[in-house]
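Data block below; observations after.
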Amino acid sequence: MSLITPLFDSLWNEYLVWSLLVGLFTFGWLYHHSFFYRSEDGENPNVDDLEVGVFPVHYDDLKLELAWTIVPFMLIVYLTYISWAPLDNVWSSPNGGHFGDECVYDDPNYNGSNLYFDDDDGLKGAYHANCYHTIEITAKQWVWSFDCGTLEAELCESGFTEADGRAVPHLSLQAGNAYLAYMTSEDVTHAPWFVSLGVKEDVLPGQTTTVWILAEDVEDFLLLCTEYCGDDHAYMMAGVSIHA
Ligand SMILES: [Cu+2]
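Position 112, counted from 1, in the sequence shown is what this note's numbering calls 117; the numbers after and before it change by one each time, with no gaps.
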C-alpha cells in the first residue's frame with residue numbers, strides 16, 4: 006500500500022535531506038560556539054564589552070549579513086521551484102489540463118480514463134490521464150456522502166463499511182482512473198483527507214471546491230476529516246477502496 010504518491014514521495018525525500026543539512030549546520034555551529042567560546046573559571050565573561058541596550062555596531066559584518074540572507078533565500082527559491090510542478094499537477098485545470106476533459110462515454114473514441122504516472126515529465130514526474138470522471142462529495146456534521154452520478158458501478162459505487170467498530174460511508178473506485186470530486190458542505194467547514202493519496206482539500210458551506218482523486222494502486226484506506234468541525238470530528242471518517 007502506497008502511503009504517498011510518487012509525486013510527493015520524491016519531494017518528501019528532498020525536503021528531508023535539506024532539513025537534515027540545515028539542521029546539522031545550524032545546531033553544529035550553535036554547539037561548537039557554545040563550548041568553544043565558553044568563559045574560563047574566574048574570567049570576566051563579558052570579554053566583548055557588551056552594554057545592555059546598546060547594539061554592538063563595531064561587530065557589524067556586511068558580508069556575513071548578506072551571506073546568511075542570500076544563501077537561505079536561494080534555498081527557499083529552489084525548494085519552491087521543485088514543488089511547483091507537483092502542485093501544478095494536483096491543482097490541474099479540469100479543462101484540458103493534465104487529465105484532459107471530462108470523459109464522454111458515448112464518444113466512439115472513448116477508451117477509458119487511463120491514468121498513468123510519467124517519470125520523465127518535468128523534474129519530479131507528473132500524472133496524466135486521457136479524461137476524467139466526476140463525482141460529488143457532500144460533508145455535514147459528522148458524515149460524508151458520496152454521489153457517483155451516472156457512473157457505472159465498476160467505476161464508482163457508494164455504500165457503507167465498518168471502521169473502528171462503527172458503520173461509516175464507503176466509496177469504491179477503480180484503479181487506473183482519474184476522478185474529479187466536486188465538494189460542498191451543508192453546515193461548517195470540513196476537509197476530506199484521502200490518507201493514502203496524500204491529498205486533502207477544504208469543503209465549505211455555500212461554495213464548491215474540487216479535488217483530484219488519482220486512483221492508481223489497488224488498496225483500501227480511510228478518508229478522515231482534517232478540519233475541526235465539532236464534537237464528533239474525530240469520528241468523521243469514511244472507507245475508500247480502489248479495486249482492480
Ligand atoms: Cu468534519
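The beta carbon of each residue, even a glycine, is placed where N, CA and C say it ideally should be. If you're wondering where the values come from, they're calculated on a predicted model, not measured in any experiment.
8 Å contact criterion, which residue i and residue j should meet: CB distance rounded
i: Leu-185; j: Tyr-240; result: That belief does not hold up - the Cβ atoms of Leu-185 and Tyr-240 are roughly 27 Å apart, past 8 Å.
i: His-1; j: Asn-114; result: The structure shown does not extend to residue 1, since the chain spans only 6 to 249, so no value can be given for it.
i: Leu-12; j: Tyr-132; result: 7 Å
Sub-9 Å separation of residue i and residue j beta-carbons
i: Val-193; j: Gln-146; result: yes
i: Ser-201; j: Thr-143; result: no
i: Ile-218; j: Ala-183; result: yes
i: Leu-84; j: Trp-23; result: yes
i: Thr-10; j: Phe-78; result: no
i: Tyr-36; j: Asp-53; result: no
i: Leu-55; j: Pro-61; result: yes
i: Leu-71; j: Val-27; result: no
Sequence-distant residues of the same chain with beta carbon closer than 6 Å to residue i, five excluded per side
i: Ile-247; result: Leu-178, Ala-180, Ala-220, Val-223 and Glu-224
i: Trp-149; result: Pro-174 and Ala-243
i: Pro-50; result: Ser-44
i: Asp-66; result: none
i: Val-245; result: Leu-176, Phe-226 and Leu-228
i: Phe-199; result: Leu-228
i: Trp-34; result: none
Own chain residues within Cβ distance below 7 Å of residue i, not counting five before or after
i: Cys-153; result: Ile-140, Cys-161, Glu-162 and Ser-163
i: Ser-15; result: Lys-129
i: Asp-87; result: The sequence shown places Ile at residue 87, not Asp. So the list reads Leu-16, Glu-19, Leu-128 and Lys-129, once near-sequence residues are dropped.
i: Gly-105; result: Ala-134, Asn-135, Cys-136 and Tyr-137
i: Cys-108; result: Tyr-115, Ser-118, Cys-136, Tyr-137 and His-138
i: Val-57; result: none
i: Thr-231; result: Ala-196, Trp-198 and Lys-205
i: His-238; result: Trp-147 and Cys-230
i: His-38; result: none
i: Phe-40; result: none
i: Ser-97; result: His-103, Phe-104 and Trp-217
Beta-carbon proximity list for residue i, same chain, < 8 Å, skipping 5 on both sides
i: Gly-235; result: Gln-146, Trp-147 and Val-193
i: Glu-206; result: Met-188, Ala-196, Pro-197, Thr-214, Thr-215 and Val-216
i: Phe-165; result: Ala-172, Val-173, Pro-174 and His-175
i: Glu-159; result: Gln-179
i: Pro-210; result: Thr-189, Ser-190, Glu-191, Asp-192, Val-193 and Thr-194
i: Pro-99; result: Asp-106, Glu-107, Tyr-137, Leu-185 and Thr-215
i: Ala-249; result: Gln-179, Ala-180 and Val-223
beta-carbon residue i near ligand 3 non-hydrogen atom, thresh 8 Å
i: Gln-146; result: This structure lacks ligand 3; its bound ligands are ligand 1.
Residue i versus the options, residue with shortest Cα-Cα distance
i: Leu-156; options: Asp-111, Phe-199 and Val-22; result: Asp-111
i: Asp-125; options: Ala-90, Val-57, Val-27 and Pro-77; result: Ala-90
i: Thr-31; options: Tyr-42, Ser-97 and Trp-73; result: Trp-73
Test: residue i CB closer than 9 Å to a CB of chain C
i: Thr-194; result: Any reference to chain C falls outside this structure, which holds one protein chain only.
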